[in-house]
Amino acid sequence: MVKGKGDQARTEILEVAKRLFLSQGYGNTSMRDIAKAAGNRAVAGIYNHFTNKEELFRALIEDFSPYEELVMTLEQTTGDTAQEFLTSALRSVLPLLLKHFDFVELAQIDVREFQGRNIERMAQSLIIPRVLMVVQRVMTLPGIKPVEPYVVMRIMAGMVLSYALTEYAAPRMILAQLTTEEWIDRYVDFVISGLTTDPHKG
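Heads up, the working numbering is the position in the sequence shown plus 17, with the first residue counted as 1.
So, in structure tokens, the structure goes:
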């Protein structure tokens, strides 16, 4: 499908805004800065697409969200036991989140500037219902510890996000001790041991 000029301009504005927000911060970026970086556009041209900077940022969160890809990956995950399922899910999701790390950075801006309300709104309407169905499916598999589904969701989300953040923030000398695949394997083993039991014991 060929984009019209309006759609193309909107996309270009969002790309520039994302780059500026991530490089110099949301608070230090004005609509005038965005207009100038987007080919010396008139500021009024930016306002033709977005009524204010917050609306522009909200559009960024929505347009660049990898949630659909992440949720579809979870929905397509299989496993005969909770350990098999969660291991497969994490090994698929962790590399995906690293691929979309710029969105993780946008989410951090949302937390700092807007108390996370844009992420929360998207999660409530698009993500939580579908992920909850996946977790409820996991809860029927052998080997899952008796814990509330929302607890599983928060633990998994926290672990995945912390992995992505430390991948970029941890000293290189530490990360270099293992390959990416080995780090994922160790991480998955640690997370899974806290959520599952051996279904063949007892």
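Virtual Cβ for every residue (Gly too), placed ideally from N, Cα, C.
With DSSP as the reference, label residue i as helix, strand or coil.
{"i": "Thr-214", "result": "coil"}
{"i": "Leu-149", "result": "helix"}
{"i": "Tyr-43", "result": "coil"}
{"i": "Ser-105", "result": "helix"}
{"i": "Met-18", "result": "With a pLDDT of 43 at Met-18, under the threshold of 50, the predicted position of this residue should be treated as unreliable, though the coordinate-derived value follows. Looking at Met-18 - three-state DSSP - the assignment turns out to be coil, as it is neither helix nor strand."}
{"i": "Met-156", "result": "coil"}
{"i": "Arg-58", "result": "coil"}
{"i": "Asp-119", "result": "helix"}
{"i": "Leu-224", "result": "Here the chain has residues from 18 to 219 only, and residue 224 is not among them."}
{"i": "Phe-207", "result": "helix"}
Which whole-angstrom value is the C-beta distance of residue i and residue j, which I expect to be below 8 Å?
{"i": "Leu-111", "j": "Ile-201", "result": "5 Å"}
{"i": "Phe-67", "j": "Leu-73", "result": "4 Å"}
{"i": "Pro-166", "j": "Leu-149", "result": "6 Å"}
{"i": "Ala-55", "j": "Glu-71", "result": "No, Ala-55 and Glu-71 are not in contact; Cβ-Cβ is about 18 Å, not under 8 Å."}
{"i": "Tyr-64", "j": "Glu-130", "result": "Wrong, their Cβ atoms sit about 20 Å apart, outside the cutoff."}
{"i": "Leu-158", "j": "Gly-96", "result": "7 Å"}
Could you pull out every residue in the same chain whose Cβ sits closer than 7 Å to the Cβ of residue i, ignoring the five residues on either side in sequence?
{"i": "Asp-127", "result": "Ile-78, Gly-133, Asn-135 and Ile-136"}
{"i": "Glu-86", "result": "Leu-113"}
{"i": "Phe-221", "result": "Coverage of the chain is limited to positions 18 through 219, which leaves residue 221 absent and any answer about it impossible."}
{"i": "Arg-58", "result": "Ala-52"}
So, for residue i: in the same chain, excluding its five sequence neighbours on each side, which residues have a beta-carbon less than 6 Å away from its beta-carbon?
{"i": "Val-169", "result": "Val-152"}
{"i": "Arg-27", "result": "His-66"}
{"i": "Val-19", "result": "For Val-19, the pLDDT reaches just 42, beneath the cut-off of 50, and the residue's location in the model is therefore unreliable, although a value from the coordinates is still provided. Correct list: empty, nothing qualifies."}
{"i": "Ala-193", "result": "none"}
{"i": "Asp-206", "result": "none"}
Just grab the DSSP bridge partners of residue i for me.
{"i": "Ile-161", "result": "Thr-213"}
For residue i, count the other beta carbons within 10 Å of its own beta carbon; 16 or more makes it buried, fewer makes it exposed. Which is it?
{"i": "Thr-104", "result": "buried"}
{"i": "Tyr-204", "result": "buried"}
{"i": "Ile-191", "result": "exposed"}
{"i": "Gly-7", "result": "Not covered by the structure: residue 7. The range shown for the chain is 18 to 219."}
{"i": "Lys-35", "result": "buried"}
{"i": "Gln-100", "result": "buried"}
{"i": "Leu-107", "result": "buried"}
{"i": "Val-88", "result": "buried"}
Can you name, in chain order, every residue of its own chain whose Cβ lies under 8 Å from the Cβ of residue i, other than the five neighbours on each side?
{"i": "Ile-172", "result": "Val-208, Gly-211 and Leu-212"}
For the ligand GTP, is there a heavy atom less than 7 Å away from the beta-carbon of residue i?
{"i": "Val-205", "result": "This structure simply doesn't include the ligand GTP, nor any ligand for that matter."}
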